[in-house]
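In the UniProt record's numbering, the protein residues as written are 1 to 297.
The beta carbon of each residue, even a glycine, is placed where N, CA and C say it ideally should be.
Computed from a prediction, not measured in an experiment: that's the story for all the values here.
Encoded as structure tokens, the structure appears first; notes follow it.
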């Protein structure tokens, strides 16, 4: 009843809440994305997205369609695999940044392991900067990480923004250096935070450094200072620093999928493609702020 291509387009828009970003992900024109969504809405006889000058939101029917779309596409893939008579095998070295692993990734990996039990999945959890380095060195086959400014490639999964977060009771003295909680180098959020503060002439001091997100979160919950973090992945017990604190804007952040540069056809490549498809079809964080140019047209 429903065209799989239209369902994939619907999922891309629902994950990014942006027709522009969905088009970038799918490698098509924005007008094509709009057309595919209109056709799907015509097929179901319901409006799936609400659109205005501020952005795109799923309607109640759109939220319902999310589950149906994933189930239909998963069933379609299982049927195709059955009749191809092939099962994925081999070794897949997958790297992911910790902030995504501790929030959204477990359910995706659980489904992948269930559907492809003969794939030897090796998971590496590291800083995005470290993952980029290991990918370049040929030590990983697929990476989900923040996009690096000096490595602009990758397939967009979703776009969010970096914000300053801390304990709700934290009070910042504007006359004293900003207390920072940071990852060690080559953390990309660390580099962004320090660069932004330097450009705005805001003094700072590092009060905690940890290679573990749990360590940073514990320090932030204790009220030691503030940390830069993805808005859609804010850990429980922490909140964005109010605008009245006067901290400079940290800008957007892209999470992308990247393949190893020694990528070749074969078992690991096929497994990487299948896991990438599962990540792209899975749930992503919702950012509360969208650009006007991303509205439905």
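Tell me the DSSP secondary structure of residue i in three-state form.
i	result
residue 118	coil
residue 132	helix
residue 1	coil
residue 250	coil
residue 181	strand
residue 231	helix
residue 36	helix
residue 152	coil
residue 141	coil
residue 14	helix
residue 95	strand
residue 50	strand
residue 168	coil
residue 240	strand
residue 223	coil
residue 56	strand
residue 26	helix
residue 296	Caution is warranted here: a pLDDT of 28 is assigned to residue 296, below 50, making its placement in the model unreliable, and the coordinate value is therefore given only provisionally. Residue 296: coil per DSSP, three-state reduction.
residue 88	coil
residue 123	strand
residue 160	strand
residue 176	coil
residue 9	helix
residue 202	coil
Please report the straight-line C-alpha distance between residue i and residue j, rounded to a whole angstrom.
i	j	result
residue 27	residue 156	10 Å
residue 209	residue 225	11 Å
residue 292	residue 270	Any answer about residue 292 is weak, because its pLDDT of 32 lies below 50 and its placement is not dependable; what the coordinates show is given next. Roughly 38 Å separates the two Cα atoms.
residue 294	residue 57	Bear in mind that the predicted position of residue 294 carries a pLDDT of just 34, short of 50, making it too unreliable to give a figure here.
residue 203	residue 242	18 Å
residue 55	residue 196	27 Å
residue 275	residue 138	18 Å
residue 231	residue 15	15 Å
residue 256	residue 174	35 Å
residue 189	residue 201	18 Å
residue 49	residue 62	6 Å
residue 24	residue 185	30 Å
residue 273	residue 247	40 Å
residue 169	residue 240	11 Å
residue 132	residue 52	37 Å
residue 64	residue 101	26 Å
residue 171	residue 245	9 Å
residue 119	residue 112	9 Å
residue 69	residue 45	15 Å
residue 74	residue 67	11 Å
residue 290	residue 199	Unreliable placement is indicated for residue 290, whose pLDDT of 35 sits below 50; no coordinate value is reported for it.
Taking residue i as the reference, which of the options has the closest Cα?
i	options	result
residue 183	75, 19, 228 and 30	228
residue 114	94, 78, 128 and 100	78
residue 121	90, 130 and 100	90
residue 99	236, 205 and 244	236
residue 130	199, 181 and 94	94
residue 191	147, 176, 222 and 167	147
residue 76	2, 260 and 107	2
Do the CB positions of residue i and residue j come within less than 7 Å of each other?
i	j	result
residue 165	residue 72	no
residue 145	residue 212	no
residue 278	residue 11	no
residue 218	residue 238	no
residue 135	residue 125	no
residue 268	residue 109	no
residue 30	residue 19	yes
residue 116	residue 88	yes
residue 187	residue 105	no
residue 32	residue 47	no
residue 206	residue 178	no
residue 17	residue 154	no
residue 167	residue 215	no
field: the segment 36-55 in contact with the segment 6-23 per 3-pair CB rule at 8 Å
entry: yes
- prompt: So does the segment 154-168 actually touch the segment 241-257, counting three or more Cβ pairs closer than 8 Å?
  reply: yes
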